[in-house]
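Report on the structure given below.
There are 2 protein chains.
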Amino acid sequence: MKQSDRDRSVRLLWEPQPEPTRGPRAALSQARVVQAAIKVADAEGVDALTMRRVAEELGSTAMSLYRHVPGKSELLDLMVDAVWGETEHTPEGPWRAGLEFFARQMWSMYRAHPWMLQLTTSRRMPGPQAMTRQDAAYAVVAGLGLRPEEVVAVVTTVAQFVDGVGRTMADRVQAERETGVSEEDWWNGTESLWEHFTPERLPMMTYLYGSGGFDRPLDEFEFGLARVLDGLAAFVEAEDRPAVRRSTCL
Amino acid sequence: MKQSDRDRSVRLLWEPQPEPTRGPRAALSQARVVQAAIKVADAEGVDALTMRRVAEELGSTAMSLYRHVPGKSELLDLMVDAVWGETEHTPEGPWRAGLEFFARQMWSMYRAHPWMLQLTTSRRMPGPQAMTRQDAAYAVVAGLGLRPEEVVAVVTTVAQFVDGVGRTMADRVQAERETGVSEEDWWNGTESLWEHFTPERLPMMTYLYGSGGFDRPLDEFEFGLARVLDGLAAFVEAEDRPAVRRSTCL
DNA sequence: CTAGAACCGTGTACAACGTACACTGAGTGT
DNA sequence: ACACTCAGTGTACGTTGTACACGGTTCTAG
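So this is what it looks like as structure tokens:
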């Protein structure tokens, strides 16, 4: 993305859109395009999210969308920020309750919009809704006497855990949508795979499977979040915090 | 994916490929196709990973690949499992050291092959290399007296955290590859964005930025992993473990 | 030995996708 | 009234995965 594209994306996300002073009345608008795209992605998944499909949702043609968003990548940025706008800001209060709130807001958002976790990659331009939510999460940690980079790291750890669980969840949702087969039925219906799960080759898995460890799984989000918060508590409440080396350069 | 496609994918990953008994000597092989694809993805990123590009790497044509892998999705499954084959199995020993080893193996793998975190989504068929590594990780936890589903949850938490950090890392690597601009230079060079980061709108971010919280970031993997392991330690070593409700149905 | 089958690689074509460009018509500013 | 701006649409193109047909190579069965 060139500098000029970056600046344009910033204006697109952060500044009010200029109102046209001439020309025909627009049947579409950026907000309508974004909402239609979110509706399509929510209902049909990330692979259905094409410019043609969105335009169809609006009773229009694909090229008309380009009057309102410069491109698909920018549309995705707008969608992500719009969805962040549906979440609440983390309220002031104890750091743990705050981070839990933040994580739950993210989780709810991802559950409602799993496509967010499946977007084409590379750097997305952050928008105001996402940034203000992140800002509020930093705020509940900032009063703990941590160094600034520790504040960032604490919030980042929570977010990255939720992202990881969310990705798994999103992939499951998509698989079920595509195949009409639930996660459980998929594993139960793949006998050819289980034939290869032998005690010689996979001793722990066969033991765990035989013991019901996969039949009644714990809630991954709940279990993992509690552990992450416990670990952060040990860090936050320690008298003498362990030094962590700086990020290595990639 | 239909049942028959599933069975085929299982055979592809888990069973030795039948040797042809007739016909011309093949210039290509499945292993060569997989290795060429890994090489392309490592060097040029996930977007460059097209059948045409892989074929070009082999001095062949795209359609010839289909003699050796049934489709691109199956090629991706094979690639992922091949790369897992480069990692070491978690050795027997203390649970914490074991999980740390597992996490580091994953991290090294993702650092060498960031495309793994960026594959088209939906359910991937697990292969023998990935499964045996997971099996070994379960093994270091299994002797702790946890319930089977707790064993699964403990290992899953670590893996999902690493996946979350890895995704962020992969996106950065890709962005830098595409733009030739480093993460740091990107943020520093996007003045138009910083103009919107004001104390009124983003008080914590501007404070953290001004305090150097973003200049010298802590290593996200190291910091987060330590916290996750601390949290798991509290769980594993607790006398009376908190009950976690079961996974909700999606 | 021969015909047929199995198998390999290639050429061609197609559906689908994002989007550049040109055109037409609607509405405004001078 | 005219020039300009702006919205929507039609057309076309490059790119991607892959179906299908063809020609050639090698082996097996009769």
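Residue numbers (the working numbering), protein chains in the order written: chain A, 1 to 250; chain B, 1001 to 1250.
A virtual CB, placed ideally from N, CA and C, is assigned to each residue, including glycine.
Just so it is clear, the structure is predicted and the values come from calculations on it, not from any experiment.
Contacts with chain B (Cβ-Cβ distance below 9 Å) from the region 79-110 of chain A involve no residue at all. Pairing residue 97 (chain A) with residue 1035 (chain B), the inter-Cα distance amounts to about 48 Å. For residue 125 (chain A), there is no enclosing alpha helix (DSSP H), as DSSP marks it with neither H nor E.
For the region 127-153 of chain A, the residues whose beta carbon sits under 8 Å from a beta carbon of chain B are, in order, 128, 131, 132, 134, 135, 136, 138, 139, 142, 147, 148, 149, 150, 151, 152 and 153. In the three-state DSSP reduction, residue 13 (chain A) falls in the helix class (H, G or I).
Of the other Cβ atoms in all chains shown, 16 or more fall within 10 Å of the Cβ of residue 1231 (chain B); this residue is therefore buried.
Secondary structure at residue 1218 (chain B): strand, using DSSP grouped into helix, strand and coil. With fewer than 16 other Cβ atoms from the protein chains shown falling within 10 Å of its own Cβ, residue 1004 (chain B) counts as exposed. Taking C-beta separations shorter than 6 Å and ignoring five residues to either side along the sequence, the partners of residue 221 (chain A) in its chain run 107 and 165, following chain order. Here residue 1119 (chain B) is not near residue 1229 (chain B), since their CB atoms are 8 Å or more apart. Short of 8 Å from the beta carbon of residue 1040 (chain B), and not among the five residues preceding or following it, lie these beta carbons of its own chain, in chain order: 1048, 1049, 1053, 1054 and 1057.
Residue 152 (chain A): member of the alpha helix (DSSP H) spanning 148-179, first to last residue. Residue 224 (chain A) belongs to the set of residues whose beta carbon lies under 8 Å from a beta carbon in chain B. For residue 1100 (chain B), the uninterrupted alpha helix (DSSP H) run begins and ends at 1095-1112, by DSSP. The three-state secondary structure of residue 1136 (chain B), taken from DSSP, is helix. Assignment of residue 203 (chain A) by DSSP, reduced to helix, strand and coil, places it in the helix class. Here the region 136-147 of chain A makes contact with the region 81-95 of chain A; the two share three or more CB pairs at distances below 8 Å. Residue 1028 (chain B) is positioned such that its CB atom lies closer than 8 Å to that of residue 1068 (chain B). Taking C-alpha positions only, residue 1009 (chain B) is separated from residue 109 (chain A) by approximately 33 Å. Listed in chain order, the alpha helix (DSSP H) runs fully inside the region 8-74 of chain A are 30-44, 51-57 and 62-65, counting runs of at least 4 residues. DSSP places residue 1194 (chain B) inside the alpha helix (DSSP H), whose first and last residues are 1191-1194. At a cut-off of 8 Å between beta carbons, residue 1004 (chain B) makes no contact with chain A. In the DSSP assignment, residue 1183 (chain B) falls within the unbroken alpha helix (DSSP H) covering 1183-1188. For residue 126 (chain A), the closest of B:1143, B:1086, B:1192 and B:1011 by C-alpha to C-alpha distance is B:1192.
The C-beta distance from residue 151 (chain A) to residue 142 (chain A) rounds to 5 Å, short enough to fall under 8 Å.
Nearest neighbour of residue 1235 (chain B) by Cα position, chosen from A:216, A:105, A:226 and A:236, turns out to be A:226. Residues of the region 32-44 of chain A whose Cβ lies closer than 8 Å to any Cβ of chain B: none. For residue 198 (chain A), no CB of chain B lies under 8 Å from its own CB, so it is not counted at the interface with that chain. It is roughly 43 Å from the alpha-carbon of residue 122 (chain A) to the alpha-carbon of residue 1145 (chain B). Taking the Cβ atoms as the reference, residue 81 (chain A) lies roughly 5 Å from residue 129 (chain A), within the contact range of under 8 Å. In terms of beta-carbon proximity, residue 53 (chain A) stays away from the interface with chain B, with every pair separated by 8 Å or more. Only residues of its own chain outside the window of five on either side were considered, and among them 1051 have a CB closer than 7 Å to the CB of residue 1072 (chain B), listed in chain order. Residue 1079 (chain B) is classed as buried because its beta carbon has at least 16 other beta carbons within 10 Å across all chains shown. With fewer than 16 other CB atoms across the displayed protein chains lying within 10 angstroms of its CB, residue 24 (chain A) is exposed. Contact between residue 1201 (chain B) and residue 132 (chain A) is confirmed by a C-beta separation of about 7 Å, below the 8 Å threshold. Cα atoms of residue 62 (chain A) and residue 33 (chain A): separation of roughly 11 Å, rounded to the nearest angstrom.
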